[in-house]
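J.: This is the structure I want to talk about, given as structure tokens.
Number of protein chains: 2
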Amino acid sequence: MLKELPQGEGLMGKGVDTIVEAVLGGVTVGMNPSDCPVRDVLDHIGGKWSSLILLNLKARPHRFGELKRAIPDISQRMLTQTLRDQQRDGLISRHVFPTNPPSVEYRLTDLGDSLIVTLSPLMAWAVDNHSHILKARAVFDDHG
Amino acid sequence: MLKELPQGEGLMGKGVDTIVEAVLGGVTVGMNPSDCPVRDVLDHIGGKWSSLILLNLKARPHRFGELKRAIPDISQRMLTQTLRDQQRDGLISRHVFPTNPPSVEYRLTDLGDSLIVTLSPLMAWAVDNHSHILKARAVFDDHG
DNA sequence: CGGGATCCTTTCTGATACTG
DNA sequence: CAGTATCAGAAAGGATCCCG
Numbered sequence: 001m002l003k004e005l006p007q008g009e010g011l012m013g014k015g016v017d018t019i020v021e022a023v024l025g026g027v028t029v030g031m032n033p034s035d036c037p038v039r040d041v042l043d044h045i046g047g048k049w050s051s052l053i054l055l056n057l058k059a060r061p062h063r064f065g066e067l068k069r070a071i072p073d074i075s076q077r078m079l080t081q082t083l084r085d086q087q088r089d090g091l092i093s094r095h096v097f098p099t100n101p102p103s104v105e106y107r108l109t110d111l112g113d114s115l116i117v118t119l120s121p122l123m124a125w126a127v128d129n130h131s132h133i134l135k136a137r138a139v140f141d142d143h144g
Numbered sequence: 001m002l003k004e005l006p007q008g009e010g011l012m013g014k015g016v017d018t019i020v021e022a023v024l025g026g027v028t029v030g031m032n033p034s035d036c037p038v039r040d041v042l043d044h045i046g047g048k049w050s051s052l053i054l055l056n057l058k059a060r061p062h063r064f065g066e067l068k069r070a071i072p073d074i075s076q077r078m079l080t081q082t083l084r085d086q087q088r089d090g091l092i093s094r095h096v097f098p099t100n101p102p103s104v105e106y107r108l109t110d111l112g113d114s115l116i117v118t119l120s121p122l123m124a125w126a127v128d129n130h131s132h133i134l135k136a137r138a139v140f141d142d143h144g
């Protein structure tokens, strides 16, 4: 829930940390550009493929090729790269089975699972409100 | 809340729409790349500045210069552009006062407000779990 | 004050070819 | 099968100058 914000001089001129702190409620957040947790997370899930991969892994563990088939329009390069990033962030884990040919399975970690649980209301909002957005765009584009 | 997903053949080879439908619960979602509501929204809030602007406007209406000062490291160009995009999407409204010099005020619309309310749990998650992510990265970068 | 227009650099993404 | 390496185009972002 959002917290009541101070009025009057308010947040003006105090930098972003004050705002986030005010909105999130007293949490101290280092706001040195690269330290901002909000942007750090949003930049990742905002990527073109991250959420789609997490959704697939939420369903069940997947092998590399399975993911590739489940998300037909992803390139091999981006799949590899996104998986690496998510593994690096501790959102997914990678398990190699030394069979022949090799087999690699990806699965959601607890951290990744908690992220997608938190993310799902936002996805629901997107579905629910997409028509509003499209309509607003049409109006804006038509006359201004 | 997330829905139980079918096992067995599951989602493999059925395309992304099936997954989103399964996870979000029976909503029919056209998944032609540009039609996906989830990606459409995520691409926007994932931008470098969108969430920060929305947070500021959540606190109270802001004038252009106020926003610029509140977010010191944004360039004038990106501020203008992001505001236009959000206005186009119906998330914020723009009010011009024909004073001299001119004054323009931006404020959150109801739609924008509902978005940031939905978004705030995710921001809280980011704050709460950022240390986990940083730690995972350190481990990953150290050895693999 | 609130931008628009332009140029330039960085980052992202896709296509293609090759490998253990 | 599950990647790596390389290249090229597209897009995002920043710096600067200009205007009513």
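As they're listed, the protein sequences go chains Z and B. By full-length UniProt numbering, the letter at position 94 of the first sequence is numbered 94, and the numbering carries on one by one without gaps. By full-length UniProt numbering, the letter at position 129 of the second sequence is numbered 129, and the numbering carries on one by one without gaps. Note that beta-carbon positions come from the ideal geometry of N, C-alpha and C, so glycine has one too.
Distance, Cα to Cα, B:His143 vs Z:Pro102?
T.: Taking the straight line joining both Cα atoms gives about 22 angstroms.
J.: Taking 8 angstroms as the CB-CB limit, is B:Ser103 close to chain Z?
T.: Not closer than 8 angstroms to any Cβ of chain Z, the Cβ of B:Ser103 fails to qualify, so no.
J.: Between the C-alpha atoms of Z:Ala136 and Z:Gln81, what's the straight-line distance to the nearest angstrom?
T.: Roughly 35 angstroms separates the two Cα atoms.
J.: Counting only beta-carbon atoms, is B:Pro61 nearer than 8 angstroms to chain Z?
T.: Not closer than 8 angstroms to any Cβ of chain Z, the Cβ of B:Pro61 fails to qualify, so no.
J.: What residues in its chain sit with their C-beta under 7 angstroms from that of B:Thr109, if we drop five residues either side in the sequence?
T.: Counting only Cβ-Cβ distances below 7 angstroms, and skipping sequence neighbours, we find Gly90, Leu91, Ile92 and Ser93.
J.: Please go through the segment 23-105 of chain B and give each complete beta strand (DSSP E) segment of 3 or more residues, from N-terminal end onward.
T.: Counting only runs of 3 or more, we get 92-97.
J.: Along chain B, which residues have their Cβ under 9 angstroms away from the Cβ of Z:Gln87?
T.: In chain order: Ala136 and Phe140.
J.: Between residue 177 of chain B and chain Z, is the shortest Cβ-Cβ distance under 8 angstroms, so that the two count as touching?
T.: A query on residue 177 of chain B cannot be resolved here, the shown segment of chain B reaching from 1 to 144 and no further.
J.: From this set, B:Phe140, B:Asp113, B:Asn129 and B:Cys36, which residue's C-alpha is nearest Z:Leu42's C-alpha?
T.: Comparing Cα-Cα distances from Z:Leu42 to each of B:Phe140, B:Asp113, B:Asn129 and B:Cys36, the minimum goes to B:Asn129.
J.: With 8 angstroms as the C-beta to C-beta threshold (strictly closer), list the residues of the segment 63-82 of chain B near chain Z in chain order.
T.: Those would be Glu66, Arg69, Ala70, Ile71, Pro72 and Asp73, in chain order.
J.: Rounded to whole angstroms, what's the CA-CA distance from Z:Phe64 to Z:Arg84? Just pull it up for me.
T.: C-alpha separation (whole angstroms): 12 angstroms.
J.: Using a Cβ cut-off of 9 angstroms, pull out every chain Z residue sitting near B:Ser51, in sequence order please.
T.: Ordered by position in chain Z, the residues that pass the 9 angstroms Cβ test against B:Ser51 are Val38, Arg39 and Leu42.
J.: When you compare the CB of B:Ile45 with every CB in chain Z, is at least one pair closer than 8 angstroms?
T.: Yes, because at least one Cβ of chain Z sits closer than 8 angstroms to the Cβ of B:Ile45.
J.: Where do the N-terminal and C-terminal ends of the alpha helix (DSSP H) with B:His132 fall, by residue?
T.: Taken as a continuous stretch (DSSP letters only), the alpha helix (DSSP H) holding B:His132 covers Asp110 to Asp142.
J.: Taking buried to mean at least 16 other C-beta atoms within 10 Å of its own C-beta, is Z:Gln76 buried or exposed?
T.: Flag for Z:Gln76 reads exposed.
J.: Give me the Cα-Cα distance between B:Ser131 and B:Thr99, rounded to the nearest whole angstrom.
T.: Cα to Cα, the separation comes out at about 48 angstroms.
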